[in-house]
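Peer 1: Shown below is the structure under consideration.
4 protein chains.
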Amino acid sequence: MLELTALNEMNEAAFVGALGGVYEKSPWIAERAFRNKGEIVSITALAEAMKREVDAASEAEQLDLITSHPDLAGKAALAGELTAESTDEQARAGLGSLTPEEMERFTRLNGKYREKFGFPFILAVRNASKHIILGAFETRLHNSRNAELAAALAQVHKIAWMRIRLLVRHSPRGKLTCHVLDTARGTPAAHMRVTLRRLDQTSGAWEELLATHTNADGRLDGPALAGADMRDGEYEFTFGVGEYFSIAGVPTAGTPFLREVPLRFGIDNPEAHYHVPLLCSPWSYSTYRGS
Amino acid sequence: MLELTALNEMNEAAFVGALGGVYEKSPWIAERAFRNKGEIVSITALAEAMKREVDAASEAEQLDLITSHPDLAGKAALAGELTAESTDEQARAGLGSLTPEEMERFTRLNGKYREKFGFPFILAVRNASKHIILGAFETRLHNSRNAELAAALAQVHKIAWMRIRLLVRHSPRGKLTCHVLDTARGTPAAHMRVTLRRLDQTSGAWEELLATHTNADGRLDGPALAGADMRDGEYEFTFGVGEYFSIAGVPTAGTPFLREVPLRFGIDNPEAHYHVPLLCSPWSYSTYRGS
Amino acid sequence: MLELTALNEMNEAAFVGALGGVYEKSPWIAERAFRNKGEIVSITALAEAMKREVDAASEAEQLDLITSHPDLAGKAALAGELTAESTDEQARAGLGSLTPEEMERFTRLNGKYREKFGFPFILAVRNASKHIILGAFETRLHNSRNAELAAALAQVHKIAWMRIRLLVRHSPRGKLTCHVLDTARGTPAAHMRVTLRRLDQTSGAWEELLATHTNADGRLDGPALAGADMRDGEYEFTFGVGEYFSIAGVPTAGTPFLREVPLRFGIDNPEAHYHVPLLCSPWSYSTYRGS
Amino acid sequence: MLELTALNEMNEAAFVGALGGVYEKSPWIAERAFRNKGEIVSITALAEAMKREVDAASEAEQLDLITSHPDLAGKAALAGELTAESTDEQARAGLGSLTPEEMERFTRLNGKYREKFGFPFILAVRNASKHIILGAFETRLHNSRNAELAAALAQVHKIAWMRIRLLVRHSPRGKLTCHVLDTARGTPAAHMRVTLRRLDQTSGAWEELLATHTNADGRLDGPALAGADMRDGEYEFTFGVGEYFSIAGVPTAGTPFLREVPLRFGIDNPEAHYHVPLLCSPWSYSTYRGS
C-alpha cells in the first residue's frame, strides 16, 4: 500500500504508474492531476484533485472516460479482458457466477441501455449485489440522457474513490465519536454500556473493538476510533438501553421494548469525523451521521 | 398452559388454585378477583382485574403483599425456601451462581434497604441481570420511603404480569405491523427488503420468521405477526436500506453509511398491537413504538 | 377557475387554449397531451399526462422548451414582454423591484450562465425570493451542462405544476391527517389539544381552521382537512405538549422545555394524502411527511 | 433582586429573612440550609442545598411542609390570607377569576382530594392554567397515597425553584447553542438562516434577539445566548429550511413541505447549557434538549 509521503516524492511517471488506473483506462487524469498538484496531505485531497481534472475536462473527454468502462457481466468480462480493477470489482459483486438466466438478463439490459444512451451502464459495484445492479439498471433506464450522463460521472468518481482507498494509505486525521441522549428525561445518558464491533470482511465475523460505558456527559472518554484504527468498513455500536432505564427506575415493560440497541453503520472515508449519536427513550430511538 | 376458556369455566377453588401464586404468597388477590370478575377475554384483562384488587386494598394489605416477597439472593433463597415462581425468576437472573463477593454485596444491600424502608427490595428480575439488580439497588436506596412504596408496588404488578403470561395462553388479538418512510424524498419506501427474526431464548439463535419486501405504500401486505404467532420475546427487523437507496439512484457513499438497518425490539404483551416503523434517509433513521 | 368536468368535455382547440401556456410558449405539449389523454380525473393526472409528453419528446424539442423561458429579471422582463404567467411569477418573487446593484448582479449571472450552458437559467420562482434565486444561481453555475439540463427540466415541470394548480380546480380526493405519539411512555398521546391554522397569503394572517383534541388513539376524529378545504398553502399545527405531560403527571421543568409545539408545513398537492404526525417526549420531538 | 455575593455575606437572620418563604411557611428549611451551606456559587446550587434539607427531614416534617400549602382557589385564597408568593402564583394561573361553576368544581375536587389523602393538592401553578390544574387534579385523584406524597414533594420543590429564580440573580454560567444537520445529505447544514426570538411575558410579543446564519459546520459562531442574556422564559428559533434546500438544489415541492421551521422551547434553568439542534431533510425534522 502506498504511503502519502511516497506519493508526494514521486515524479510524473511514477505517479501516473501508481494512479493511472484509478479512472478506468484514463491515465490522462492522473497526468493532469500531477501537474496541478501541491502537497497531497490526504487521500480525500487526492481524490478531489483527480475529480477536479475530470470536471474541468471537455464534454468529449468526459464521454470518452464514460465509454472506457466495460459492460457489467459483458463480453469483455467473459473474455477475461477487463482491467485488474474491474475484474476484482465485478467478481466482488458476484458477477463472475451468474446463472444463464441472469446472464441473459444482463446482456439484454446492457444492450437496451447502450441503445438508448449510447454509452455503457456504469455502477460502482464493489459493495453492490446482483439485486442492486439489476434494480438500478431498471430505474436508470427510465432517466433522460442528460440525467444518465450526470449519474454515470457520479458513479465514475465513486469507483475512483474506492480504488484510491485500496491503493494509498489514508492519513490518521479521522475519528469516530458517539453521544447518548436520554430523551425521556432530557439529559445525557450517563453510564450506559456501549460496545463497538467491526465486520471482518474476510471471515464475516464481528470483531469486538471496544466495551465501555458512557461518561457523565453521555459521551465516551475519547474517540471510539482514531488514527490507524479508523478504517473504512462496517461497524456496529450496541447500547445497553434496557439496562440503563431499568437501573434509572424509568418504567419499562416486563420484556422491555428496547433492551440492546444496535446501530450498524459504514465508514466510507477513514479521514473524516464520524459522529454517531443515539437519542433514546424506552420507546423510541434515532441516530444520524453527525459531525 | 391454561386456556382462557378453561379459566372462565373454573369455580373459585380451581381459579385460586391456578392463579393464587401470581401475586407472591397472596392468594386473597385471586379470591377477590374471582368474585368481581366477568368473562375474562384476554390475559391483559385478567392482569388488570387482579391489579384492580391490589389497588383497591388497604394500605396495610398492600404492605403485607410487599413484605411477602423474599430478599433477592437472601436467606430464603439459600435455604431453598422460595416459592417455585421466585426460584425460577431468581435463577434466570443469575442469582443462583453468585461469587462470595457478590453474595456479600447482596446481603449488605438487602440489609441497608430493609433498615431504611422496613420492607424488602423488590425488582422484577425475570429479564434482569446481576448488573441491573445491583444498579437499581443503588439508585433506589436514595429514594424516599413513599417513592419506594410506589416503586415496589409497580414491580409487584410487573412480576404478576410475567407470571400470568407463563400460566395462561393469550388471546390471538395481537399483531405486529411495520411501515417504512423515506425521509430523504418524503415518500413511502416501496419495495424495500425486510426480514423478521425472533430470538430463541433456549438456544440463543435468531430464527427467521419472514423475508419479504414492502409494498408500494411502504407497508407489509398484512401483519408481520398475528394470532398465535404473536408471542412475547425479542425480535429483530432488518431493512435493506442501502440497497433501496442504491436502486433508487439516491447518492450514497462507496461504503454506504446505512446498508442493513436492524431494529431490535421486545414484545411484552402479545395481545397488543405493536407498530414498529422505520423512518430513514441514507444518513439517519428512527423508530418508535407506534399503535 | 376551470373544472375538471369542463376540461374533459373540451375539444382540442379549447383544451390547448386553456392549457397551452402551462409550459412556457410551448402549446405543442398541450396538443400532444390532448391526443393521448383519457378522462382526466385529477390535476395530478393532468400534470403527469403533460409531463409524459415532454419526457417523450426529442432532445432538440426539450432544449427548445428550455430556451423558450425568459431570463429572470432579464431584458424581456424590463421591456414588459413576458408571458402573463412569467410576469406574475417574477413579480411574486420580488424581481419587479430590484435595486440597481441587484439588477446588475442578475444581468451578470444571466450572462455567465448562458455563456457556460447555452440556455437560460430556469428556476420555479413563484414561492422563491431574491435570496433563493441568487443562491441557486451560484450553486448551479458549478454544475456540469448535463446536470443543468436535467435541473432545468425539473424546474420546468415544477413551474407547469404550479400553473396547473392556478388554472384547474383540483379534485376533492386529498386529505390531511395527524397522529400524536408519546415517546416517553410508548403510547398514543390521548386528549392533547391541537389547533390547525392556514396562512392567508394576501393578508399574511394565520386563520384558525380547527381547535380540537386527539382521541384515545392519539388521532383526530376524521381528517383535519378534506375535499374542498384541502388547498395548497402553508399550515401550522400547534400541540399542547406541555399541558399534556403536566396533566399526565410526567415530570417537566418549571418552565417546560416544550409547551406549545408548532409544526409548520406546506401542502403542495391538495389531491394527496398528507399525514403529519408528532412524536414527542417532554424533551424531544420529530415530524415527517407520512402517508 | 438579590445577588449571590450579597447572599454569601448574609448572617443567618438575613438569610432566613430573604429565603424563608421559598418553601411555603417553612423557614426551618432556610435555617438548616444556612447552617450546612458553603459558598453558594449559583442558584442551582442554592436550590439543591435547600432541597437536600427537605429530603433529609423526617416524614413528619415533610408532611408538615406539604400541609402548609393552601388549597388552590380555596378558602384562604378567597379570604385573602395567602402568602404573597402563593397569591402571585394563583393569580398568574387565572385562579383569581373563576366562574361560579369553576369555583364549585375546585371546592369539590379540593374536598375529595383531602378526604382521600389527608393533605392538600399541590401543583406548581406559576406557568399552569385552569385547564392543566383541573386535568392534573383528575389524574392524581387516581393515584395511591404513597405516589401522591412523592408527587406532592416533587411539586413543592418545583415551586421552591421558581421562587428562588425570582428572588436571586442567577450566575452567568449558562448558555444556549444550536447545530443544524442535513439528514438528506449527511452533512452539517451550512449557511442556513437562523433567527432567535424571546417571548416578552408582559406584552405577549416575540422580540428578536438574533438573526444570523449557520457556519460551515452547521453551528452558530459562538453561543446564541450566554451570561446575563441567558434568562428563563420561552424562546423560538426559526430556520430557513426551504431556502437552504432550494439553494442547494435538493428537489423540493412547488410549495415546499418545510419552509420556515420554528422550534419553540423553554429555558427553565438559565445557568445550564441548552443545546437545541435541528436535524432536517426537506421532509422531516426533529429536535431535542441536548447538552
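Residue numbers (the working numbering), protein chains in the order written: chain Y, 6 to 296; chain L, 6 to 296; chain W, 6 to 296; chain U, 6 to 296.
Built from N, CA and C at the ideal position, the CB exists for glycine as well.
Scan the stretch 169-190 of chain U for residues whose Cβ lies nearer than 9 angstroms to a Cβ of chain Y and list them as they occur along the chain.
Peer 2: Against chain Y - using a Cβ distance shorter than 9 angstroms - the residues of the stretch 169-190 of chain U are H184, L186 and T188.
Peer 1: Quick one: grab the DSSP three-state call for Y118 (chain Y).
Peer 2: Along the first sequence, one-based indexing puts residue 118 (chain Y) at 113. Of the three classes helix, strand and coil, the one that applies to Y118 (chain Y) here is helix, per DSSP.
Peer 1: Helix or strand or just coil, what does DSSP make of F270 (chain U)?
Peer 2: For the purposes of this step, residue 270 (chain U) is identified with residue 265 of the fourth sequence, where counting begins at 1. Residue state, collapsed to three classes: strand.
Peer 1: Residues of chain W with a CB under 8 angstroms from the CB of L158 (chain Y): which are they?
Peer 2: Locating residue 158 (chain Y) in the first sequence gives position 153, counting from the first residue. Going along chain W in sequence order, the residues near L158 (chain Y) (Cβ under 8 angstroms) are S149 and N151.
Peer 1: Taking only the alpha-carbon atoms, compute the straight-line gap between D69 (chain U) and L146 (chain U) and give it to the nearest angstrom.
Peer 2: Taking the fourth sequence and counting its residues from 1, one reaches residue 69 (chain U) at position 64. Taking the fourth sequence and counting its residues from 1, one reaches residue 146 (chain U) at position 141. If I take the Cα positions, the gap works out to 20 angstroms.
Peer 1: What distance in whole Å lies between the Cβ atoms of D273 (chain W) and A258 (chain U), which are believed to be in contact at a cut-off of 8 angstroms?
Peer 2: If you number the fourth sequence from 1, residue 258 (chain U) lands on position 253. If you number the third sequence from 1, residue 273 (chain W) lands on position 268. Confirmed, Cβ separation roughly 4 angstroms.
Peer 1: At a cut-off of 7 angstroms, is S31 (chain Y) close to the ligand MG when judged by its beta-carbon and the heavy atoms of the ligand?
Peer 2: No copy of the ligand MG appears in this structure; indeed no ligand is present at all.
Peer 1: Any beta carbon of chain L sitting closer than 8 angstroms to that of A133 (chain U)?
Peer 2: On the fourth sequence, residue 133 (chain U) is found 128 positions in, with the first residue counted as 1. Not an interface residue.
Peer 1: Which residues, in order along the stretch 192-206 of chain U, keep a beta-carbon less than 9 angstroms from a beta-carbon of chain Y?
Peer 2: Flagged, chain order: T192 and P193.
Peer 1: For V173 (chain U) versus L51 (chain U), is the C-beta spacing smaller than 8 angstroms?
Peer 2: Indexing the fourth sequence from 1 puts residue 173 (chain U) at position 168. Indexing the fourth sequence from 1 puts residue 51 (chain U) at position 46. Yes.
Peer 1: Residues of chain W with CB closer than 8 angstroms to the CB of F262 (chain Y), please, in chain order.
Peer 2: Numbered from 1 along the first sequence, position 257 holds the residue referred to as residue 262 (chain Y). G191, listed in chain order.
Peer 1: Decide if H218 (chain L) is buried, meaning its Cβ has at least 16 other Cβ atoms within 10 Å, or exposed.
Peer 2: Within the second sequence, residue 218 (chain L) is the residue found at index 213, counting from 1. Per the 10 Å Cβ criterion, exposed.
Peer 1: With T10 (chain U) as the anchor, note down where its alpha helix (DSSP H) starts and where it stops.
Peer 2: As a first step, residue 10 (chain U) is located in the fourth sequence; it is residue number 5 there, counting from the start. Unbroken alpha helix (DSSP H) run through T10 (chain U): L9 to E14.
Peer 1: What is the rounded straight-line gap between the Cα of Q95 (chain U) and the Cα of A89 (chain U)?
Peer 2: Start at 1 with the first residue of the fourth sequence, and residue 95 (chain U) comes out as number 90. Start at 1 with the first residue of the fourth sequence, and residue 89 (chain U) comes out as number 84. Going by the C-alpha atoms only, they are around 10 angstroms apart.
Peer 1: Can you name the residues that DSSP bridges to D187 (chain U)?
Peer 2: Here residue 187 (chain U) refers to the residue found at position 182 of the fourth sequence. In the DSSP output, where bridge partners are listed per residue, D187 (chain U) has U:T192 and U:C285.
Peer 1: For chain W, check one thing: does any of its Cβ atoms lie closer than 8 angstroms to the Cβ of G295 (chain L)?
Peer 2: Stepping through the second sequence from its first residue, residue 295 (chain L) is reached at position 290. With 8 angstroms as the cut-off, G295 (chain L) counts as an interface residue toward chain W.
Peer 1: If L77 (chain W) sits next to F126 (chain W), beta carbons under 8 angstroms apart, how far is it from one beta carbon to the other, in whole angstroms?
Peer 2: By one-based count along the third sequence, residue 77 (chain W) stands at place 72. By one-based count along the third sequence, residue 126 (chain W) stands at place 121. About 7 angstroms; that satisfies the 8 angstroms criterion.
Peer 1: Along the chain, where does the beta strand (DSSP E) containing G26 (chain Y) start, and where does it finish?
Peer 2: Locating residue 26 (chain Y) in the first sequence gives position 21, counting from the first residue. Unbroken run through G26 (chain Y): none, as it is neither H nor E.
Peer 1: Name the chain Y residues that come within less than 7 angstroms of Y290 (chain L), Cβ to Cβ?
Peer 2: As a position in the second sequence, residue 290 (chain L) is number 285, starting the count at 1. The answer, in chain order, is S291 and T292.
Peer 1: Across the stretch 22-29 of chain U and the stretch 272-287 of chain W, are there enough close Cβ pairs to call them in contact, namely three or more that are closer than 8 angstroms?
Peer 2: With the cut-off at 8 angstroms, the stretch 22-29 of chain U and the stretch 272-287 of chain W do not touch.
Peer 1: Can you tell me whether L87 (chain Y) is buried or exposed, with buried defined as 16 or more other CB within 10 angstroms of its CB?
Peer 2: Here the question's residue 87 (chain Y) lines up with position 82 in the first sequence. L87 (chain Y) is buried by the Cβ-count criterion.
Peer 1: Spell out a yes or no on whether the stretch 223-230 of chain L and the stretch 152-162 of chain L are touching, meaning 3 or more CB-CB pairs, one atom from each, closer than 8 angstroms.
Peer 2: No, the stretch 223-230 of chain L does not touch the stretch 152-162 of chain L.
Peer 1: Out of L:S286, L:D237 and L:L171, which has the shortest C-alpha to C-alpha gap to E248 (chain L)?
Peer 2: Within the second sequence, numbered from 1, the residue matching residue 248 (chain L) stands at position 243. Comparing Cα-Cα distances from E248 (chain L) to each of L:S286, L:D237 and L:L171, the minimum goes to L:S286.
Peer 1: Restricting to Cα atoms, I'd like to know which of U:A189, U:P267 and U:L158 is closest to I71 (chain U).
Peer 2: Looking up residue 71 (chain U) in the fourth sequence gives position 66. For the residues U:A189, U:P267 and U:L158, the minimum Cα distance to I71 (chain U) belongs to U:L158.
Peer 1: Would a C-beta distance cut-off of 8 angstroms place I169 (chain U) and I48 (chain U) closer than the cut-off?
Peer 2: Taking the fourth sequence and counting its residues from 1, the one referred to as residue 169 (chain U) is at position 164. Taking the fourth sequence and counting its residues from 1, the one referred to as residue 48 (chain U) is at position 43. In contact: I169 (chain U) and I48 (chain U) (Cβ atoms closer than 8 angstroms).
Peer 1: Let me know the secondary structure DSSP gives F39 (chain L) once reduced to three states.
Peer 2: The count along the second sequence starts at 1 and reaches residue 39 (chain L) at position 34. The answer is helix: DSSP assigns F39 (chain L) an H, G or I state.
Peer 1: Classify A78 (chain U) as helix, strand or coil using the three-state DSSP reduction.
Peer 2: Residue numbering aside, residue 78 (chain U) sits at position 73 when the fourth sequence is read from its first letter. It is coil, neither helix nor strand.
Peer 1: Between E239 (chain L) and chain Y, is there a C-beta pair that is closer than 8 angstroms?
Peer 2: Sequence index remark: in the second sequence, residue 239 (chain L) carries index 234 (1-based). Yes - at least one Cβ of chain Y is within 8 angstroms of the one on E239 (chain L).
Peer 1: State yes or no: is the beta carbon of M55 (chain L) nearer than 8 angstroms to at least one beta carbon in chain Y?
Peer 2: Along the second sequence, one-based indexing puts residue 55 (chain L) at 50. Output row for M55 (chain L): interface = no.
Peer 1: For P282 (chain L), does the count of other Cβ atoms within 10 angstroms reach 16, so buried, or fall short, so exposed?
Peer 2: Taking the second sequence and counting its residues from 1, one reaches residue 282 (chain L) at position 277. Its Cβ being crowded by 16 or more others within 10 Å, P282 (chain L) is buried.
Peer 1: Taking A216 (chain Y) as part of the alpha helix (DSSP H), name the residues at either end of that continuous run.
Peer 2: Here residue 216 (chain Y) corresponds to residue number 211 of the first sequence, with the count starting at 1. Looking at the DSSP string, A216 (chain Y) is not in any alpha helix (DSSP H); the run it does join, the beta strand (DSSP E), is W211 to H218.
Peer 1: Of all the CB atoms in chain Y, is at least one closer than 8 angstroms to the CB of W166 (chain L)?
Peer 2: Locating residue 166 (chain L) in the second sequence gives position 161, counting from the first residue. Closer than 8 angstroms: yes.
Peer 1: Measuring only between beta-carbons, confirm whether D226 (chain Y) sits less than 8 angstroms from chain U.
Peer 2: Against the first sequence, residue 226 (chain Y) aligns to sequence position 221. It does not: the Cβ of D226 (chain Y) has no partner Cβ on chain U nearer than 8 angstroms.
Peer 1: Between which two residues does the beta strand (DSSP E) holding V199 (chain W) run?
Peer 2: Position 194 of the third sequence, counted from the first residue, corresponds to residue 199 (chain W). Its beta strand (DSSP E) spans residues R198 to L204.
Peer 1: May I ask you to list the residues that DSSP assigns as paired with S47 (chain Y)?
Peer 2: As a first step, residue 47 (chain Y) must be located in the first sequence, where it is residue number 42. According to DSSP, which records beta bridges pairwise, S47 (chain Y) is partnered with nothing at all.
Peer 1: Measuring alpha carbon to alpha carbon, tell me which of W:A195, W:M197 and W:Y279 ends up nearest W236 (chain W).
Peer 2: Here the question's residue 236 (chain W) lines up with position 231 in the third sequence. The identity of residue 236 (chain W) in the sequence shown is Arg, whereas the question assumes Trp. The residue with the shortest Cα to Cα distance from R236 (chain W) is W:Y279.
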